[in-house]
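Right, one structure below, let's go through it.
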Amino acid sequence: MQPNWCGVGGIPALGERSLVKNGLILQHIPDVSRTPEMFLGKRVCVVGSGASAITCVNALQKLAIASSATIDLVWVVRRENEPYQRVENDALPQRDRLYSQGNSFYSNDSCGSEGLRVKYLKGALVQEFQHTVGGGLNVVLVQGVAAERVEEQVDVVISCVGYRPNCTLWHEVQVHQCYATSGPMKLAAALMSSSGAGGDCLAQVSHGPETLCSPEPGMLVIGMKSYGRNSAFLLKIGHQQVSL
2 MQPNWCGVGG IPALGERSLV KNGLILQHIP DVSRTPEMFL GKRVCVVGSG ASAITCVNAL
62 QKLAIASSAT IDLVWVVRRE NEPYQRVEND ALPQRDRLYS QGNSFYSNDS CGSEGLRVKY
122 LKGALVQEFQ HTVGGGLNVV LVQGVAAERV EEQVDVVISC VGYRPNCTLW HEVQVHQCYA
182 TSGPMKLAAA LMSSSGAGGD CLAQVSHGPE TLCSPEPGML VIGMKSYGRN SAFLLKIGHQ
242 QVSL
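Numbering (our numbering), first residue to last: 2 to 245.
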């Protein structure tokens, strides 16, 4: 899997490629305990509103509390409404706590939470990342219906805007891909019809072996790649695919 870009429409924002290379934009959930100096006492920007984003926010808060320090957090979210849809009687209480924590920042654009000072920017789109003279970044955004220009000076960016499959493996063979998810078409259609592209991922079941087939004889796409950009993949589904 390869990370998506932060820019509007999924394309790289201006300056994003070079800043990923030099380590000022992180595209995976960092192990903050291994490099605390990157975050403690710093201004950190998290982009995204999925489970990865709130996982990062939670990790940063725990690091700050354990170190008796404070981290300034700028949280950039494309959505205008609450970022997380909580599941009634959630079988994963840890997930429910994370989602509840994430939604708590939505109602207050600038708020304090133990270990964190949070500036929550909803309805915001990233246009550009500028490398500043002092070694940090200037994040250029447009926000709201009026597309108001907003600039935020930060020390590091954590990009949590999803992943897409690396399809290089089958570029020269016949795999019918879904235009929306980049996963195999038959499985993508089955997932869409069974869940409407929503619902709790824990309630899903593995679909039959025919959904894994493609026009290329003997070619099966299984595991995380089979779900493409659909974030509902579970390890148990991958195990079931192998055993079909």
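Every residue gets a Cβ at the ideal spot worked out from N, C-alpha and C, and that includes glycine.
Query                                                                                                                                                        : Result
Looking only at C-alpha atoms, which of H172, L170 and Y164 sits nearest to T182?                                                                            : Y164
Answer with buried or exposed for A252, where buried requires no fewer than 16 other C-beta atoms within 10 angstroms of its C-beta.                         : There is no way to answer for residue 252, as the model of the chain reaches only from 2 to 245.
Considering only the beta carbon of each residue, do I26 and V158 sit closer than 8 angstroms?                                                               : yes
What separation, rounded to the nearest whole angstrom, lies between the Cα atoms of A198 and T71?                                                           : Model confidence at A198 stands at a pLDDT of 48, short of 50, so the residue's coordinates are unreliable; what they give is reported in the following sentence. So the two alpha carbons sit approximately 38 angstroms from each other.
By the DSSP assignment, the alpha helix (DSSP H) with S101 in it spans what residues?                                                                        : P94 to Y107
Within the continuous alpha helix (DSSP H) that includes S160, where are the two ends?                                                                       : Premise fails: S160 lies in the beta strand (DSSP E), V157 to S160, not in any alpha helix (DSSP H).
What is the rounded straight-line gap between the Cα of G8 and the Cα of T169?                                                                               : 23 angstroms
Reducing DSSP to helix, strand and coil, say where E173 ends up.                                                                                             : coil
For A190, which residues does DSSP report across the bridge?                                                                                                 : Partner(s): none; A190 has no beta bridge.
Could you spell out the range, first to last residue, of the alpha helix (DSSP H) harbouring E129?                                                           : Where E129 is concerned, there is no enclosing alpha helix (DSSP H), although the beta strand (DSSP E) it sits in stretches over A125 to H132.
Could you check the C-alpha separation between R96 and V176 for me, to the nearest Å?                                                                        : 35 angstroms
Does DSSP put Y59 in a helix, in a strand, or in coil?                                                                                                       : One detail in the question is off: residue 59 reads as Asn in this sequence, not Tyr. In the structure shown, N59 sits in a helix (DSSP, three-state: H, G or I).
Measuring alpha carbon to alpha carbon, tell me which of V146, N167, K187 and S50 ends up nearest S215.                                                      : K187
Based on Cα-Cα distance, which residue from H132, A125 and N104 lies nearest to A147?                                                                        : A125
My assumption, with CB atoms under 8 angstroms, is that S244 sits in contact with G51. Please give the rounded CB distance.                                  : Their Cβ separation, rounded to whole angstroms, is 29 angstroms, which puts S244 and G51 out of contact at 8 angstroms.
Would you kindly check if the distance between the Cβ of Q102 and the Cβ of V55 is under 8 angstroms?                                                        : Inspection of the sequence shows that residue 55 is occupied by Ile rather than by Val. In this structure, Q102 lies closer than 8 angstroms to I55 by Cβ.
For V48, which of helix, strand or coil comes out of DSSP?                                                                                                   : strand
For E17, does the count of other Cβ atoms within 10 angstroms reach 16, so buried, or fall short, so exposed?                                                : buried
Looking only at its own chain, which residues have a Cβ that is under 7 angstroms from the Cβ of E217, when we skip the five neighbours before and after it? : V174, Q175 and V176
So the candidates are V206, L221 and V48; which of them puts its Cα closest to the Cα of E129?                                                               : V48
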